[in-house]
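Peer 1:
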Amino acid sequence: MSRASKRPAPPRERPRRALRVLVLAALATAAVLGGVWFFGGGASRRLYEEAREIHESEPARAAVLLEESVAAAGGDYPEAQLLWTRVLGRLGRWDEALGCFSLIEEPSQLGAEELVALARDADRAGVPLLAVMSLEAAMQSGNREAEVLRLLVPLRYRAGREDDALRLARRLQQLEPEDPFGWRVAANILQERRETRAAIDAYREALRRGPDAREAALIRGELLGLLIDEGEIAAAREILNELLESETLSARNRVRQAWLLRLEGDQAAALETVSEVLREQPSSAEALLVRGTLWLDAGDLDRAEEDLSRLVELSPYNKEAHHKLGQVYLRSRRLDDARRHLEESRRLVELTLAILPLRERIQREPENNELRQRLASLYTAAGQPQEAARWRASSDPD
Numbered sequence: 418m419s420r421a422s423k424r425p426a427p428p429r430e431r432p433r434r435a436l437r438v439l440v441l442a443a444l445a446t447a448a449v450l451g452g453v454w455f456f457g458g459g460a461s462r463r464l465y466e467e468a469r470e471i472h473e474s475e476p477a478r479a480a481v482l483l484e485e486s487v488a489a490a491g492g493d494y495p496e497a498q499l500l501w502t503r504v505l506g507r508l509g510r511w512d513e514a515l516g517c518f519s520l521i522e523e524p525s526q527l528g529a530e531e532l533v534a535l536a537r538d539a540d541r542a543g544v545p546l547l548a549v550m551s552l553e554a555a556m557q558s559g560n561r562e563a564e565v566l567r568l569l570v571p572l573r574y575r576a577g578r579e580d581d582a583l584r585l586a587r588r589l590q591q592l593e594p595e596d597p598f599g600w601r602v603a604a605n606i607l608q609e610r611r612e613t614r615a616a617i618d619a620y621r622e623a624l625r626r627g628p629d630a631r632e633a634a635l636i637r638g639e640l641l642g643l644l645i646d647e648g649e650i651a652a653a654r655e656i657l658n659e660l661l662e663s664e665t666l667s668a669r670n671r672v673r674q675a676w677l678l679r680l681e682g683d684q685a686a687a688l689e690t691v692s693e694v695l696r697e698q699p700s701s702a703e704a705l706l707v708r709g710t711l712w713l714d715a716g717d718l719d720r721a722e723e724d725l726s727r728l729v730e731l732s733p734y735n736k737e738a739h740h741k742l743g744q745v746y747l748r749s750r751r752l753d754d755a756r757r758h759l760e761e762s763r764r765l766v767e768l769t770l771a772i773l774p775l776r777e778r779i780q781r782e783p784e785n786n787e788l789r790q791r792l793a794s795l796y797t798a799a800g801q802p803q804e805a806a807r808w809r810a811s812s813d814p815d
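Numbered by our numbering, the letters in the sequence shown go through residues 418 to 815 in order.
#1: Okay, do the stretch 728 to 738 and the stretch 749 to 756 touch, 3+ Cβ pairs below 8 Å being the bar?
#2: Note down, in chain order, each residue of its chain lying with its Cβ closer than 6 Å to the Cβ of Q801, except the 5 sequence neighbours on either side.
#3: Look up Q526 in the DSSP assignment and say whether it is helix, strand or coil.
#4: Can you tell me whether N605 is helix, strand or coil according to DSSP?
#5: Under 7 Å from any heavy atom of the ligand MN, does the C-beta of E473 make it?
#6: Would you say A563 and S551 are within 8 Å of each other, going by their C-beta atoms?
#7: Among the residues of its own chain, which have a CB less than 7 Å from the CB of G565, if the five just before and after it don't count?
#8: Looking only at its own chain, which residues have a Cβ that is under 7 Å from the Cβ of D493, when we skip the five neighbours before and after it?
#9: Following the continuous alpha helix (DSSP H) through N670, name the residue where it begins and the one where it ends.
#10: What whole-angstrom Cβ distance do L657 and L677 have, given they're in contact under 8 Å?
#11: I'd like the span of the alpha helix (DSSP H) that includes P699, first residue to last.
#12: So G577 and L589 are in contact, right, with Cβ under 8 Å, and what is the actual spacing, rounded?
#13: Assuming contact is defined by CB atoms lying nearer than 8 Å, are P594 and L572 in contact in what I supplied?
#14: Measuring straight from C-alpha to C-alpha, what distance separates S667 and R696?
#15: From Q698, S700, Q674, S701, pick the residue whose C-alpha is nearest to that of L688; which is it?
#16: Go to A563, then tell me how far its alpha helix (DSSP H) extends in each direction, as first and last residue.
#17: Please return the same chain residues whose Cβ sits closer than 8 Å to the Cβ of D646, not counting the five positions on each side in sequence.
#18: Classify T446: buried if its beta carbon has 16 or more other beta carbons within 10 angstroms, exposed otherwise.
#19: Between A806 and Y574, what straight-line distance do the alpha-carbon atoms span, to the nearest angstrom?
#20: Flag this pair as touching only if the stretch 503 to 511 and the stretch 474 to 489 have three or more C-beta atom pairs under 8 Å; answer yes or no.
#21: Using the three-state DSSP reduction, which class does R757 fall into: helix, strand or coil?
#22: Start and end of the alpha helix (DSSP H) containing E737?
#23: How is G509 classed by DSSP in three states: helix, strand or coil?
#24: Anyone know if the C-beta pair for I779 and L795 falls short of 8 Å?
#25: Here's a check: name, in chain order, each residue in its chain whose Cβ is nearer than 7 Å to the Cβ of S762, leaving out the five neighbours to either side.
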């Protein structure tokens with residue numbers, strides 16, 4: 418045996434190969450038990466057709482028929498293998514389904530509609546690898562590209578492939594230039610990557626394409642927040658006025674309204690607006706930050722301390738809350754307390770600064786699992802468990 422033949426499979430391939438072995442073993446068993454079918458003309462096709470008729474009402478029986486059909490065809494019957502994959506998924510046997518699909522030699526030759534249906538099933542079941550594999554095959558088929566991209570973009574993003582997700586979103590913009598979806602998704606990704614100016618431009622492009630009322634309100638809300646962060650007060654006011662004309666503001670957008678009123682110098686209106694939100698939602702972290710800041714602006718240190726201490730209790734990893742509470746304690750001459758919160762704020766800022774270059778680097782090295790695990794650790798330390806879980810899940814097993 419050559420040295421090359423002894424080399425272990427790369428980490429990405431090991432789970433998939435194990436599943437292939439599982440399915441091949443099942444096929445071998447079926448071939449032995451049902452060997453008679455090899456000698457009956459059209460037997461494989463008849464088994465497949467019978468399974469098609471009952472796969473929704475009797476999936477367990479259909480799975481047996483499809484296994485026999487594929488075995489009778491010598492292990493190469495793509496249409497039956499694809500239906501078998503879907504039936505196994507319907508039975509909750511997703512590991513076997515993944516192995517079954519991986520044995521299809523040229524899945525891109527199958528119908529895009531069936532591949533997309535499988536991807537939807539797999540995505541709903543939380544099996545992203547199979548969803549991506551089937552969508553990539555559907556993409557190669559050259560049909561239903563826009564539909565495929567709508568499903569593939571969020572899967573790529575959740576897998577930590579942000580550059581791929583952004584590239585595919587831009588391809589969707591080309592395919593459907595008047596659909597806001599591609600622009601909105603691109604804006605979401607750019608916002609997450611802190612490319613604020615590009616995100617603002619993408620959100621504006623999405624609005625120009627006439628999204629429905631609900632989507633337009635979501636886009637304007639995100640745009641309002643970004644414009645406030647950038648200090649573009651006049652542009653933020655214009656967006657807020659559009660929101661006020663089209664809907665009753667959500668609690669989150671009323672908090673943004675309070676931030677804007679503060680920047681415009683109307684402290685009384687800002688305080689009234691955010692206090693109304695807190696009467697409805699006493700534990701709103703965003704609202705507590707705004708009102709605590711307004712009390713600090715006004716020099717009401719007791720009330721500022723009350724709101725900001727409450728916020729730190731609710732959101733112990735909020736760097737702005739620690740910073741502003743530290744400012745309250747500095748002005749109150751409580752230097753030890755001030756130092757503790759300012760140091761925590763500094764630690765959280767340093768974590769953010771450590772994360773940003775790694776996120777840029779991972780786009781150049783998407784297969785670097787060490788970087789993904791490092792990002793997961795940093796997000797855990799920064800108190801962002803969902804992001805930590807996303808990066809940890811996107812790394813391949815050892």
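C-beta: ideal position from N, C-alpha, C; glycine also.
Quantities reported herein were computed from a predicted structural model and do not represent experimental measurements.
Peer 2: Well, looking at it:
#1: Segments in contact, no.
#2: Same-chain partners within the cutoff: there are none.
#3: Residue state, collapsed to three classes: helix.
#4: Looking at N605 - three-state DSSP - the assignment turns out to be helix.
#5: Absence of the ligand MN is noted for the structure shown, with no ligands found whatsoever.
#6: No, these two residues do not count as a Cβ contact at 8 Å.
#7: The displayed chain sequence assigns Val, not Gly, to residue 565. Here V565 has V533, L552, A555, M556 as same chain residues with Cβ atoms under 7 Å from its own Cβ, once five neighbours each way along the sequence are excluded.
#8: Excluding the 5 residues flanking it on each side, D493 has same chain C-beta neighbours closer than 7 Å at E522, in chain order.
#9: Start and end: 668 to 680.
#10: Contact between L657 and L677 holds, with the beta-carbon distance rounding to 6 Å and staying under 8 Å.
#11: Unbroken run through P699: none, as it is neither H nor E.
#12: Wrong, their Cβ atoms sit about 20 Å apart, outside the cutoff.
#13: No, they are not a contact pair.
#14: If I take the Cα positions, the gap works out to 14 Å.
#15: Shortest Cα-Cα distance from L688 to any of Q698, S700, Q674, S701 involves Q674.
#16: Taken as a continuous stretch (DSSP letters only), the alpha helix (DSSP H) holding A563 covers 562 to 575.
#17: Same-chain partners within the cutoff: T613.
#18: In this prediction, T446 scores a pLDDT of 49, lower than 50, which makes its location untrustworthy; the coordinate-derived value is nonetheless stated afterwards. Classification for T446: exposed.
#19: For A806 and Y574, the distance between alpha carbons rounds to 13 Å.
#20: Yes, since at least three Cβ pairs between the stretch 503 to 511 and the stretch 474 to 489 fall closer than 8 Å, the two stretches touch.
#21: DSSP places R757 in helix when its eight states are reduced to three.
#22: The continuous alpha helix (DSSP H) containing E737 extends over residues 736 to 748.
#23: Coil, per DSSP.
#24: For I779 and L795, no; Cβs fall outside 8 Å.
#25: Excluding positions up to five away in sequence, the list reads K736, H739, H740, G743.
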